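Everything on this sheet refers to the single structure shown next.
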Amino acid sequence: MENVESRIFTTEMNLSKISVELAEMESLNFGIDGFDAGFIASHLMNVAGAAVILFNEGKAVGYTAANSARSLYVSNVYYLGRDFNKTAYLVNSSLRPEFQRKGLIWQMMEPLEEELRKKGYQFLDRDSKADTGYADKVIRHYGDRVVFARLVEDTMWGKQQYIRVRL
Ligand SMILES: CC(C)(COP(=O)(O)OP(=O)(O)OC[C@H]1O[C@@H](n2cnc3c(N)ncnc32)[C@H](O)[C@@H]1OP(=O)(O)O)[C@@H](O)C(=O)NCCC(=O)NCCS
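So that you can map any letter, position 9 of the sequence shown is 54 in the numbering used here, and since no number is skipped, the others follow by simple counting.
Structure (C-alpha cells):
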C-alpha cells in the first residue's frame with residue numbers, strides 16, 4: 046500500500062494518541078476482548094524490547110511489539126534450557142481490518158526483528174493464531190529459522206500455536 050509507513054516507536058512520539066488509535070483498532074478486531082489503550086501503551090514503552098507502528102496518513106493503524114521473555118509473566122517452563130536471557134516474546138501484532146491480508150505484517154516485523162537483534166536477542170517466541178491459518182503462514186515465512194513449533198492449543202484467545210524462531 047502506498048501511504049503506509051512502519052516506524053519504530055520512540056518516546057518522542059505521541060504515546061497517548063497512538064495508544065488510543067491502536068485500542069480502537071483492537072476493539073474493531075476483538076470487540077470487548079481487545080487490549081485497551083493503557084495496556085497497549087505499556088507494550089510501546091517496553092524499554093527492554095521494541096515496538097513498531099504502522100502509520101497511514103499520520104494515524105496508527107497497526108503495531109507489533111516484543112518484550113524480554115524474562116520480564117513477562119510467561120510460564121518459565123517454556124524457557125528451560127532455551128536461552129531465557131536471549132529470548133524476546135512477541136506480545137501482540139494487530140492491524141486495522143482494512144489493512145489486513147496485504148502482507149503488511151512483514152513490513153513491521155522486519156524493523157522489529159532488526160531492533161531486537163541490536164538489543165542482543167537471538168530468539169523470538171510467539172503465540173500465533175492458528176484458527177485463521179496465520180500460524181501456518183508464520184511457520185512458512187520463517188522456514189529454517191523456526192527452532193520449534195508446539196502443537197496447537199485451545200486458549201482463551203482461541204486456537205494458538207507457540208512458535209520459536211531464530212532472529
Ligand atoms: C494476524 C495479522 C497481524 C497478520 O497480518 P497481515 O498483514 O494481515 O498478514 P498476511 O497478509 O501475511 O496474512 C496472513 C494470514 O493471516 C490470516 N488472516 C489475516 N487476516 C485475516 C482475517 N481478517 N480473517 C481471517 N484470516 C486472516 C490468513 O490466513 C492470511 O493468509 P492469506 O491472506 O494467505 O489467507 C493481521 O491479519 C491482524 O491484525 N489480524 C487480526 C488480529 C490478530 O489476529 N492478531 C493476532 C495474531 S497472533
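Even for Gly, the Cβ is constructed at its ideal location relative to N, Cα and C.
What you are looking at is a predicted structure, and each value in this text was computed from that prediction instead of being measured.
Candidates the options: closest to residue i by CA position
{"i": "Ser113", "options": "Phe168, Gly203, Phe100, Leu196", "result": "Phe168"}
{"i": "Asn59", "options": "Arg209, Lys104, Ser51", "result": "Lys104"}
{"i": "Asp176", "options": "Met90, Val197, Glu102", "result": "Val197"}
{"i": "Lys204", "options": "Phe100, Asn48, Lys174", "result": "Lys174"}
{"i": "Gly107", "options": "Asn91, Phe80, Val92", "result": "Phe80"}
{"i": "Val92", "options": "Phe100, Ile53, Val191, Asn48", "result": "Ile53"}
{"i": "Leu161", "options": "Val49, Ala110, Ser72, Gly83", "result": "Ala110"}
{"i": "Glu66", "options": "Gly83, Trp202, Val191", "result": "Gly83"}
{"i": "Ser72", "options": "Thr55, Ser139, Leu99, Leu117", "result": "Ser139"}
{"i": "Ser51", "options": "Ala68, His88, Glu102", "result": "Glu102"}
{"i": "Ser48", "options": "His88, Arg195, Met201, Gln152", "result": "First, the residue type needs correcting, since residue 48 is Asn and not Ser in the sequence shown. The shortest C-alpha separation from Asn48 is found at Gln152."}
{"i": "Val192", "options": "Phe100, Asp199, Ile208, Phe144", "result": "Ile208"}
{"i": "Phe144", "options": "Trp202, Tyr166, Phe100, Ala180", "result": "Phe100"}
{"i": "Ala194", "options": "Trp202, Met201, Ile184", "result": "Ile184"}
Burial state of residue i (16 or more Cβ within 10 Å)
{"i": "Thr132", "result": "buried"}
{"i": "Phe75", "result": "exposed"}
{"i": "Ser61", "result": "exposed"}
{"i": "Met70", "result": "buried"}
Spatial distance of residue i from residue j (CA atoms)
{"i": "Gly94", "j": "Lys164", "result": "8 Å"}
{"i": "Ile77", "j": "Ala96", "result": "23 Å"}
{"i": "Asp189", "j": "Glu159", "result": "18 Å"}
{"i": "Val210", "j": "Tyr187", "result": "7 Å"}
{"i": "Ile98", "j": "Pro156", "result": "10 Å"}
{"i": "Arg146", "j": "Glu57", "result": "30 Å"}
{"i": "Met154", "j": "Lys182", "result": "14 Å"}
Beta carbon of residue i nearer than 8 Å to that of residue j
{"i": "Arg171", "j": "Leu135", "result": "yes"}
{"i": "Phe129", "j": "Arg115", "result": "yes"}
(message) Which residues neighbour ligand 1 when neighbourhood means a C-beta less than 5 Å away from any of its non-hydrogen atoms? List them by chain order.
(response) Any heavy atom of ligand 1 within less than 5 Å of a residue's beta carbon puts that residue on the list, which reads Asn74, Ser138, Ser139, Leu140, Gln145, Arg146, Gly148, Leu149, Ile150, Ser173, Lys174, Thr177, Gly178, Tyr179, Lys182.
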